[in-house]
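Student: Here it is, the structure, as structure tokens.
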Amino acid sequence: MSDFDLNELELAPPEVVRQAARDFAAALAETPQFKAYEEAIERLNHDTAAQRAIDAFQSKQQSLQALLMLNAVSAADKAELQRLQNAFSSAPAVVAYAQAQADLMAICQASADWLSEAIGLNYATACGSGCC
Amino acid sequence: MTHSNLNQLPDLMAATQALAENLLASEPFAVYQQASARFSADPHARGLIERLSQAQADLRRRQMNRGVTQADVDQLRALQSEVQSNDVIVDYVTTQQSAVAYLREINQEISLLIGSDFAALAGRSSC
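Here the protein sequences line up with chains P and L, keeping their order. The numbering used here numbers the first residue of the first sequence as 111 and each following residue consecutively. The numbering used here numbers the first residue of the second sequence as 28 and each following residue consecutively.
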């Protein structure tokens with residue numbers, strides 16, 4: 111692009127774009143979904159029963175890590191791991207956290223989709239939040 | 028959730044719209060949009076990319092069948108060289124990289140303020 115072409119465009123100064131990003135972050139933080147998510151994290155962090163259930167699952171999973179990688183876990187250990195996973199994933203604070211996270215992700219995805227359509231690039235992919 | 032569902036969140040909708048407009052009017056994106064338009068309007072450049080993509084797929088298929096010849100490799104290298112020396116393609120790729128780098132900076136700005144990676148929250152896991 112020549113300088114002439116660039117001058118023809120009405121460009122947004124970098125500080126104005128950054129302020130728009132900050133305004134967007136503030137608007138997102140004020141949504142009921144974001145507030146519910148923060149509250150759910152807080153509740154989860156202070157729920158000793160849920161924390162114990164999570165710790166028990168993670169501890170068992172860690173102890174079986176090598177066997178899990180080799181797909182050599184015994185049926186009894188598999189069943190115990192599944193039981194511990196069910197116990198933590200059904201804890202009320204964990205269920206509430208998962209729902210709050212899903213609700214927040216839905217509005218983040220809707221906003222990012224909007225941005226992606228406008229700029230012609232997939233926002234989430236471009237920002238490197240690839241899977242796995 | 029679709030864009031229309033953001034109707035229930037007018038402040039977020041307005042902030043998203045404003046950010047989209049400002050991003051589009053930022054220098055990295057303005058330059059990228061122009062390079063993208065030039066690429067889209069250039070059948071030779073688009074044809075080169077299509078031929079390169081096809082040649083790469085053919086070579087992978089032949090590699091699996093152990094049927095790669097020196098001529099196949101030479102043809103692919105010639106195409107790669109042609110792509111790398113095509114100004115429209117090079118401009119398109121480099122301006123896209125700059126736009127992506129800029130978008131990451133903006134994402135970092137948002138993420139710092141909300142305390143979570145916004146792009147990760149907005150991603151759709153395909154695992």
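Cβ atoms here follow ideal geometry from the backbone N, Cα and C, with glycine treated the same way. Predicted, not measured: the structure shown is a model, and the values here were computed from it.
With DSSP as the reference, label P/S226 as helix, strand or coil.
Tutor: helix
Student: To the nearest angstrom, report how far apart L/A126 and L/P55 are at their CA atoms.
Tutor: 5 Å
Student: Chain L partners of P/S199, CB-CB under 9 Å?
Tutor: None at all; the shortest Cβ gap to chain L is about 17 Å.
Student: Three-state secondary structure (DSSP) at L/D69?
Tutor: The answer is coil: DSSP assigns L/D69 none of H, G, I, E or B.
Student: Does P/E140 come within less than 9 Å of chain L when only Cβ atoms are used?
Tutor: yes
Student: In three-state terms, what does DSSP make of P/A122?
Tutor: coil
Student: Using C-beta distances below 7 Å, list every residue in its chain close to P/L154, excluding the 5 sequence neighbours before and after it, in chain order.
Tutor: A160, A203, V204, Y207
Student: Between the alpha carbons of P/V183 and P/S169, how many angstroms are there, rounded?
Tutor: Approximately 15 Å, taken between the alpha carbons.
Student: Please report whether the beta-carbon of P/Y207 lies at a distance below 9 Å from any beta-carbon of chain L.
Tutor: no
Student: Along chain L, which residues have their Cβ under 9 Å away from the Cβ of P/I164?
Tutor: Simply none; closest approach about 19 Å.
Student: Report the rounded CA-to-CA distance for L/D114 versus L/A47, giving the unit in angstroms.
Tutor: 28 Å
Student: Compare the C-beta of L/F56 with all C-beta atoms of chain P and state if any pair is closer than 9 Å.
Tutor: Cβ-Cβ to chain P under 9 Å: yes for L/F56.
Student: Which whole-angstrom value describes the C-beta separation of L/Q83 and L/L103, a residue pair presumed to lie in contact below a C-beta threshold of 8 Å?
Tutor: 7 Å
Student: So, P/L138 versus P/C237, is the Cβ gap smaller than 9 Å?
Tutor: no
Student: Starting from L/T43, trace the alpha helix (DSSP H) both ways and give me its first and last residue.
Tutor: That run of the alpha helix (DSSP H) goes 37-51.
Student: Return the residues of the segment 91-124 of chain L that lie within a Cβ-Cβ distance of less than 9 Å from chain P, sorted by chain order.
Tutor: D118, T122, Q123
Student: For chain P, find out if any of its Cβ atoms is closer than 9 Å to the Cβ of L/G150; answer yes or no.
Tutor: yes
Student: Out of P/H156, P/P123, P/S199, which one is the CA nearest neighbour of P/F167?
Tutor: P/S199
Student: Drop a sphere of 10 angstroms on the beta-carbon of P/C242, count the other beta-carbons inside from all chains shown, and report buried for 16 or more, exposed for fewer.
Tutor: Its pLDDT being 43, under 50, P/C242 is placed unreliably in this model, and the coordinates cannot settle the point.
Student: Hey, P/A131 and L/I116: beta-carbon distance below 9 Å or not?
Tutor: no
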